[in-house]
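Student: According to full-length UniProt numbering, the sequence shown is numbered sequentially starting from 1.
By construction, the Cβ of each residue, glycine as well, lies at the ideal position given by its N, Cα and C atoms.
Source: prediction; values computed, not measured.
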Amino acid sequence: GFNSASHFSNRFRSMTGITPSQLRAAKA
Numbered sequence: 001g002f003n004s005a006s007h008f009s010n011r012f013r014s015m016t017g018i019t020p021s022q023l024r025a026a027k028a
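1. Would you tell me roughly how many angstroms separate the C-alpha atoms of Phe-12 and Ala-5, rounded to the nearest one?
2. What separation, rounded to the nearest whole angstrom, lies between the Cα atoms of Thr-16 and Gln-22?
3. According to DSSP, simplified to helix, strand and coil, what is Ala-28?
4. Using the C-alpha atoms, what's the distance from Ser-9 back to Ala-28?
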């Protein structure tokens, strides 16, 4: 489920092309 950070990151990257950390860096 969503309590798995790595699973979420993989799914997020598959949809957006970037990782959550890259998105955060881009917004910072």
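Tutor: From the atom records:
1. Locating residue 12 in the sequence shown gives position 12, counting from the first residue. Locating residue 5 in the sequence shown gives position 5, counting from the first residue. So the alpha carbons of these two residues sit roughly 10 Å apart.
2. Translated into the one-based positions of the sequence shown, residue 16 becomes position 16. Translated into the one-based positions of the sequence shown, residue 22 becomes position 22. About 11 Å.
3. The residue you call residue 28 lines up with position 28 of the sequence shown. Three-state result, Ala-28: coil.
4. For this step, residue 28 is matched to residue 28 along the sequence shown. For this step, residue 9 is matched to residue 9 along the sequence shown. For Ala-28 and Ser-9, the distance between alpha carbons rounds to 19 Å.
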